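Asks:
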Amino acid sequence: MNAPAMMWMLLPLPILCGLACLACGSARAVMFTVRAGVLASALAAGVCVGVVHVGGPASAAGGWLYLDALSSFHLAVMMAVFSLASLCLPGHFRGEMRDGSFGPEQARRFGGLWFGALAAMTLVLVSNNIGIMWAGIEATTLVTAFLICTHRTPESVEAMWKYLIICSVGVAFAFMGTLLAGAAANGLDIPAPEALLWTRLRQEAPRLDPVLMRAAFIFLMVGYGTKAGLAPMHSWLPDAHSQAPAPVSALFSGFMLNTALYCVMRYLPLAGGASGHAGWSLRLLLFFGLASILIAASFIFLQNDLKRFLAYSSVEHLGIIAVGLGLGGLGTFAALLHTLNHSLCKVLAFCAAGRLGQMYGTHDMRKMAGALRAAPVWGGALSGALLVLIGAAPFAMFLSEFLILRAAAAGGSYWTMGLFLLGVGIVFMGALRHAVGLAWGEPVMEPEKERAGGADRVLVVVALGALLLLGLWIPGLLWRMIEDAVRIVEGAS
Amino acid sequence: MNAYIDIILLALIVSNLLLLGFSQIRSCINAVAFQGVALGALPLLAAAGGVSVWAALLGAFTIGLKGVIFPRLLLHAYREADVRHEVEPYIGFTASTLAGFAALAVSAWLCSRLSLFGGDLSSLAAPVSFFMVFVGLFVIVSRKKAISQILGYLVMDNGMYVFGVVMLREMPLLVDLAVLMDAFAAVFVMGVAVYHINREFDHMNVDQLDRLKG
Chain B
1 MNAPAMMWML LPLPILCGLA CLACGSARAV MFTVRAGVLA SALAAGVCVG VVHVGGPASA
61 AGGWLYLDAL SSFHLAVMMA VFSLASLCLP GHFRGEMRDG SFGPEQARRF GGLWFGALAA
121 MTLVLVSNNI GIMWAGIEAT TLVTAFLICT HRTPESVEAM WKYLIICSVG VAFAFMGTLL
181 AGAAANGLDI PAPEALLWTR LRQEAPRLDP VLMRAAFIFL MVGYGTKAGL APMHSWLPDA
241 HSQAPAPVSA LFSGFMLNTA LYCVMRYLPL AGGASGHAGW SLRLLLFFGL ASILIAASFI
301 FLQNDLKRFL AYSSVEHLGI IAVGLGLGGL GTFAALLHTL NHSLCKVLAF CAAGRLGQMY
361 GTHDMRKMAG ALRAAPVWGG ALSGALLVLI GAAPFAMFLS EFLILRAAAA GGSYWTMGLF
421 LLGVGIVFMG ALRHAVGLAW GEPVMEPEKE RAGGADRVLV VVALGALLLL GLWIPGLLWR
481 MIEDAVRIVE GAS
Chain D
1001 MNAYIDIILL ALIVSNLLLL GFSQIRSCIN AVAFQGVALG ALPLLAAAGG VSVWAALLGA
1061 FTIGLKGVIF PRLLLHAYRE ADVRHEVEPY IGFTASTLAG FAALAVSAWL CSRLSLFGGD
1121 LSSLAAPVSF FMVFVGLFVI VSRKKAISQI LGYLVMDNGM YVFGVVMLRE MPLLVDLAVL
1181 MDAFAAVFVM GVAVYHINRE FDHMNVDQLD RLKG
């Protein structure tokens, strides 16, 4: 099958699977459909990624669907996140299915929304039209809002409302930016059907109105930055992540934030081209990135709630990615590598946090001391993930953070280097005591017995193994994929 | 054509200033419904090369959603919630209206800086669009009721609609429809959220949603 035909499949497939979930008779059947559907979607996406890697950018539907190295890299990361998170779903809800708090009705709704989220994120990645790309981001907000309050409590409803309002308003700003970017191309005689196509705008980038494009980028940065959880627009994130069921948080941190940052990446060549590569758009990214790292670090240092800790860690890591993008060149390469590393690690961390939370009946990390001995699989997974997240060598995040530092040093951005090190250093100290406590601390509570199934073990081994491997060696295929994607962010055609 | 568009844009300015001064939620919903109907006329007046089927379709769709369905959904949520009828602002009505005038001045200044006055259909479109975005944002942050926040979101959305239809006449219909559908879904989801807030907390005042901290 050729690439355009496969691209047509990417959108209807998750929608059909979502409908299939709604028709399931039991929670167990929903879980099976979720796994099968995500596997099928991953296979379809894998073929598309392969075709783009070998044959270059592909488009379909009169140029409205478009996949290039940048979107196919993100597509691959997204499918990895969805596959791993779907692996841990049945285990996470097993207890709740048994005691009836996660019955067939909840399961059907959950499955439908799960695939709705997959469809919306896929729409963002395959859209060539920047208006439809925006619509996809707004759709992710609306679809995932009810995933937060899968279990309806006052806290989860509060978190859902904050998420809905802050993200909808933030993303509305991104729409204003999209319109301004369209207005920047107003005098260029672009025919109506191609008016908002990214490929067309990129061709015309040097002729776009620089003042309007600048205004557009500021709106876009604030708008998509809100959804990406960049500080100071991050206030919805810790609440939503801490109240959502763990696999949903894994999805949020693992890829939904990256979807929004992907949109910003799409506009970098446009803003750069319009301003003659003056670099102010990159400086804006650096500012938001460093602000996120430092603000997250100050909250992480004093945080004892495991899920809020991981949420702030996402703010920090999205900030690190933004800093890498802001540095350009090697920094962009490191940023994309960091995207992959962070996504893999966050899925593992949140799935482990969810299961340990169920066993201990709390998310207070001080009460989970000694989890490594009490629950070897999930305790080990969480301690390992925490070590990766704080950038301990030889894991993958050490490598990508090191590359960002090297890019900063090479560009002579010593202020960036200093502030980056300060933030990452604070996180290191704050998180290390928790990681050590979780692994070897004196037990405070006696948890329920750990029930880790085959899928759970596969998830832990695959994710931790990949994170270790990527720290030691980057396969040539991945290297070339990221290099191709970097060229697109830098403005090459 | 030009004069008609300007009349509609002026009506939108007035409706926003009134919205800031209204004390009853029902009046606010009516003001936003009026905006929806007014917006529906814009695609017809702005259509390049005469009224096309697509422009008529978009206009009808806009009036149906923004002028009829949204207000009905909101009125329903408001009646179900059984709350006090006042909007309960943090900032008084007079001060709100004055803030509205200030927002208008700021929008005009901003558009002159961005040289956005030069739209070939109406020089008012861009300033009115920014003005409505500011008013929407102001309503969201200055009112206590969750339903007022949905109204603020809708006003913001309406403002961007003005920009999209009048300034970017080449915007493909599919994009317009996708954006309208998103707005529909947003109002629907937010309406359901208000229902849940009301059930879990017995009120819909967002200033009392303060359980999650740190």
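Chains B and D, in that order, give the protein sequences.
Taking the numbering used here, the leading residue of the first sequence gets 1, the next gets one more, and so forth.
Taking the numbering used here, the leading residue of the second sequence gets 1001, the next gets one more, and so forth.
Don't be surprised by glycine CBs; every beta carbon is placed ideally from N, CA and C.
Predicted model, so just to flag it, every value in this text is computed and none were measured.
Got a sec: is the Cβ-Cβ distance from residue 1134/D to anything in chain B below 8 Å?
Replies: By this cut-off, residue 1134/D is not an interface position.
Asks: Name the two residues that bound the continuous alpha helix (DSSP H) containing residue 1161/D.
Replies: 1146-1162 is the span of the alpha helix (DSSP H), which, as asked, contains residue 1161/D.
Asks: Give a yes or no on whether the C-beta atoms belonging to residue 1013/D and residue 1151/D are separated by under 8 Å.
Replies: No, the pair does not count as a contact, with Cβ atoms beyond the cut-off.
Asks: Do residue 226/B and residue 289/B have their beta-carbon atoms positioned less than 8 Å apart in this structure?
Replies: No. Outside cutoff.
Asks: Does the beta-carbon of residue 153/B have 16 or more other beta-carbons within 10 angstroms, so that it is buried, or is it exposed?
Replies: Counting Cβ neighbours within 10 Å, residue 153/B comes out exposed, since fewer than 16 surround it.
Asks: From residue 256/B to residue 229/B, what does the alpha carbon distance come to, in whole angstroms?
Replies: Roughly 10 Å between the two C-alpha positions.
Asks: Output yes if chain D places a C-beta closer than 8 Å to the C-beta of residue 211/B; else output no.
Replies: Chain D contact via Cβ: present.
Asks: Decide if residue 1066/D is buried, meaning its Cβ has at least 16 other Cβ atoms within 10 Å, or exposed.
Replies: Residue 1066/D comes out buried.
Asks: If you run the structure through DSSP and keep just helix, strand and coil, what is residue 1202/D?
Replies: The answer is coil: DSSP assigns residue 1202/D none of H, G, I, E or B.
Asks: Around the Cβ of residue 189/B, are there at least 16 other Cβ atoms within 10 angstroms (buried) or fewer (exposed)?
Replies: Result: exposed.
Asks: Listing by chain order, which chain B residues have their CB less than 8 Å from the CB of residue 1153/D?
Replies: Chain B residues near residue 1153/D: 165, 168, 169, 172.
Asks: Ends of the beta strand (DSSP E) at residue 59/B?
Replies: First-last of the beta strand (DSSP E) with residue 59/B: 58-60.
Asks: Which class does residue 210/B belong to by DSSP, given the choice of helix, strand or coil?
Replies: Helix.
Asks: Would you list, in chain order, the members of the region 125-138 of chain B that have their beta-carbon closer than 8 Å to a beta-carbon of chain D?
Replies: Of all residues in the region 125-138 of chain B, 129, 131, 132, 134, 135, 138 have a Cβ within less than 8 Å of some Cβ in chain D.
Asks: Are the beta-carbon atoms belonging to residue 511/B and residue 137/B less than 8 Å from one another?
Replies: Nothing about residue 511/B can be reported from this structure: the residues present for chain B run from 1 to 493 only.
Asks: Run through DSSP, which three-state label would residue 1143/D get?
Replies: Residue state, collapsed to three classes: strand.
Asks: Using C-beta distances below 7 Å, list every residue in its chain close to residue 47/B, excluding the 5 sequence neighbours before and after it, in chain order.
Replies: Result list for residue 47/B: 6, in chain order.
Asks: My guess is that residue 57/B and residue 67/B are in contact by the Cβ rule of under 8 Å, so how many angstroms apart are they, rounded?
Replies: Correct: roughly 7 Å between the Cβ atoms.
Asks: Using 8 Å for Cβ pairs, my map puts residue 1122/D next to residue 1005/D. What's the rounded Cβ distance?
Replies: Their Cβ separation, rounded to whole angstroms, is 5 Å, which keeps residue 1122/D and residue 1005/D in contact under 8 Å.
Asks: To which residues of the same chain is residue 193/B closer than 6 Å at the C-beta, ignoring the five residues directly before and after it?
Replies: Result list for residue 193/B: empty, nothing under 6 Å.
Asks: In the DSSP assignment, find the alpha helix (DSSP H) that holds residue 372/B and state where it starts and stops.
Replies: From DSSP, the alpha helix (DSSP H) with residue 372/B extends over 371-374.
Asks: Can you find a C-beta in chain B that's less than 8 Å from the C-beta of residue 1163/D?
Replies: Yes, residue 1163/D counts as interfacial toward chain B.
Asks: Which class does residue 559/B belong to by DSSP, given the choice of helix, strand or coil?
Replies: Chain B is shown from 1 up to 493; residue 559/B falls before or after that span and cannot be answered.
Asks: Determine, using beta carbons only, whether residue 149/B comes closer than 8 Å to chain D.
Replies: Yes, residue 149/B counts as interfacial toward chain D.
Asks: Would you report the Cα separation of residue 74/B and residue 1169/D, rounded to the nearest angstrom?
Replies: Each residue's Cα considered, the two are about 32 Å apart.
Asks: Label residue 483/B either buried or exposed according to how many other C-beta atoms from any shown protein chain fall within 10 Å of its C-beta, with 16 as the threshold for buried.
Replies: Residue 483/B comes out exposed.
Asks: For residue 125/B, which of 101/B, 78/B, 458/B, 92/B has the nearest alpha-carbon?
Replies: Minimum Cα distance to residue 125/B is reached at 78/B.
Asks: Check whether the Cβ atoms of residue 274/B and residue 213/B sit closer than 8 Å, and answer yes or no.
Replies: Yes, the pair counts as a contact, with Cβ atoms nearer than the cut-off.
Asks: With DSSP as the reference, label residue 258/B as helix, strand or coil.
Replies: Reduced to three states, the DSSP call for residue 258/B is helix.
Asks: List, in order along the chain, the chain D residues whose C-beta lies closer than 9 Å to that of residue 494/B?
Replies: There is simply no residue 494/B to check, as chain B begins at 1 and stops at 493 in what is shown.
Asks: Give me the residue from 1069/D, 1040/D, 1070/D with the minimum Cα distance to residue 1056/D.
Replies: For residue 1056/D, the nearest C-alpha among the options comes from 1040/D.
Asks: For the region 340-367 of chain B, which residues have a CB atom closer than 7 Å to at least one CB atom of chain D, in sequence order?
Replies: For the region 340-367 of chain B, which is checked against every Cβ of chain D, not one residue is closer than 7 Å.
Asks: Under DSSP, the alpha helix (DSSP H) around residue 1115/D begins and ends at which residues?
Replies: Segment: none, residue 1115/D is in no alpha helix (DSSP H) and carries neither H nor E.
Asks: Of all the CB atoms in chain D, is at least one closer than 8 Å to the CB of residue 193/B?
Replies: At least one chain D Cβ lies under 8 Å of residue 193/B.
Asks: For residue 459/B, which residues of its own chain have a beta-carbon under 6 Å away from its beta-carbon, when the five flanking residues on both sides are left out?
Replies: Closer than 6 Å at Cβ, skipping near neighbours: 84, 87, 88.
Asks: Under a three-way DSSP split, which group does residue 106/B fall into?
Replies: Helix, per DSSP.
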